[in-house]
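Before any comments, here is the structure.
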Ligand SMILES: [Zn+2]
Ligand SMILES: [Zn+2]
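Numbering (the numbering used here), first residue to last: 2 to 443.
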């Protein structure tokens, strides 16, 4: 049976370029060892995932989740550092304006296994979503938040990889840096960690991020070379008018009418000023204001989101949307406040991709690794791949037809957990072997 990945696979296949020379001898033996070790610690990876699943936290400040990660690293004898700290006040306020809870600090965690250069970074996000879980699992979340994007599994898989890598520390020809990241769903958790030095000391030379995918067969791996996730620009617009009685519109400035005009104008930008070949999805996900039919309200609110894989289109819209807002609001005598958030595209470096794909295939089985089209969703791993060569990989954790990520019914197949841990471990050890000192032939 062919999977969605196979159906979508392109002609060109990067794994063919260098696979043959790597799929032999030492690397094969290492892959077997890592797979066996991952299976041995499977119950522990499952346990870690369930502990995190049961107690989801959202946003940048994940005190209990981070404490659990640190406790596990302590048990392994791996020293760790917090990376994030207090957030700039403006950031806290901007996120509250966009509807997030108050977030005053970011609780990222980093750790290094091995030493010296080169250094490869393994990234797992660990935040949840404001979605109430609707599953009957013994370890389901009972709060109003849930790990419906699978970040609990990412953190558990990276802890699993840490267990494997710690045992192999003597073999590492450089350093593996672990990045446990909060706030992915805010679009800026990775940015905060980058700004707080996660890519320095030791300096990171390459980075790998994984994401589970519940609508693909468990154990498959999908990647897109080049741009592989859309950028997202969000415009949070608050229009201030002049409220009053609905029978006297001439004495008022109606923010709902202004909002309506802005809503139409920004949507027309996509059909009238954007190259049809550019993938652009513009959605006004929030449009609200008013309380009763006989009142013209004081304020209205519009949230405009633009996703695209095309940098030129993103730049054009980012310039034009504020221009149109300014034009329409002023035309009708209103005032406004505008908060803008930006998350870049995630970019998979082609050279790194060629290097890592064979190692991933040695864990999953080569036939299960597929090149896929870029996704129209957004991933804040883009803040890492903006700075260092990176690769982002989707690991199947279910089957076609399953509830997708972000659904309250999303359930992931825990068989993915040892696979993901082994992929992280194999890719990092082998990449260091290829680039580090004391390099030996495979
Ligand atoms: Zn998500
Ligand atoms: Zn996610």
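All C-beta atoms, glycine included, are put in the ideal place defined by N, C-alpha and C.
{"Check": "Limits of the unbroken alpha helix (DSSP H) element including residue 130", "Outcome": "No alpha helix (DSSP H) holds residue 130; DSSP gives it neither H nor E."}
{"Check": "Coil, strand or helix - residue 422 by DSSP", "Outcome": "helix"}
{"Check": "Beta-carbon proximity check, residue 347 vs residue 227, cutoff 8 Å", "Outcome": "no"}
{"Check": "Buried/exposed call for residue 386, threshold 16 Cβ in 10 Å", "Outcome": "buried"}
{"Check": "Simplified DSSP assignment, three categories, for residue 80", "Outcome": "coil"}
{"Check": "Assigned exposure category for residue 312 - 16 Cβ within 10 Å defines buried", "Outcome": "exposed"}
{"Check": "Exposure of residue 61, with buried meaning 16 or more beta-carbon neighbours within 10 Å", "Outcome": "buried"}
{"Check": "Exposed unless 16 or more other CB atoms sit within 10 angstroms - verdict on residue 149", "Outcome": "buried"}
{"Check": "Residue interval of the alpha helix (DSSP H) (run including residue 234)", "Outcome": "Segment 232-241 is the beta strand (DSSP E) holding residue 234; no alpha helix (DSSP H) there."}
{"Check": "Beta-carbon contacts of residue 233 that lie in its chain and below 8 Å, excluding the five residues immediately before and after", "Outcome": "188, 306, 307, 308, 342, 343, 344, 379"}
{"Check": "Buried versus exposed, by CB contacts within 10 Å (16 or more), residue 252", "Outcome": "exposed"}
{"Check": "Every unbroken alpha helix (DSSP H) inside the stretch 165-233 [4 residues or more]", "Outcome": "190-196"}
{"Check": "CA-to-CA distance, residue 139 to residue 315, given in whole angstroms", "Outcome": "44 Å"}
{"Check": "Short Cβ contact (8 Å threshold) for residue 215 with residue 419", "Outcome": "no"}
{"Check": "Any C-beta of chain B under 8 Å from that of residue 356", "Outcome": "In the structure shown, chain B does not exist; there is a single protein chain."}
{"Check": "Helix, strand or coil at residue 285 [DSSP, three-state]", "Outcome": "strand"}
{"Check": "Which listed residue (324, 208, 375, 288) has its alpha carbon closest to that of residue 433", "Outcome": "208"}
{"Check": "Where residue 377 falls: helix, strand or coil (DSSP)", "Outcome": "coil"}
{"Check": "contact_flag[the stretch 269-286, the stretch 195-202] where n(CB pairs < 8 Å) is 3 or more", "Outcome": "no"}
{"Check": "Cβ-Cβ distance between residue 137 and residue 399 below 8 Å", "Outcome": "no"}
{"Check": "Option nearest residue 1 by Cα separation, candidates 415, 73, 322, 190", "Outcome": "No statement about residue 1 is possible, as the shown extent of the chain runs from 2 to 443 and does not include it."}
{"Check": "heavy atom of ligand 3 below 7 Å from residue 381 C-beta", "Outcome": "For the structure depicted, ligand 3 is absent and the ligand set comprises only ligand 1 and ligand 2."}
{"Check": "Extent of the continuous alpha helix (DSSP H) to which residue 354 belongs", "Outcome": "351-365"}
{"Check": "Rounded straight-line distance, which links the Cα of residue 154 to that of residue 443", "Outcome": "Bear in mind that the predicted position of residue 443 carries a pLDDT of just 34, short of 50, making it unreliable; the figure below should be weighed with that in mind. So the alpha carbons of these two residues sit roughly 32 Å apart."}
{"Check": "C-alpha distance - residue 7 paired with residue 166, whole-angstrom precision", "Outcome": "Low confidence applies here, because residue 7 scores a pLDDT of 49, under 50, leaving its location unreliable and the question unanswered by this model."}
{"Check": "Residue 413 CB to nearest heavy atom of ligand 1 below 7 Å", "Outcome": "no"}
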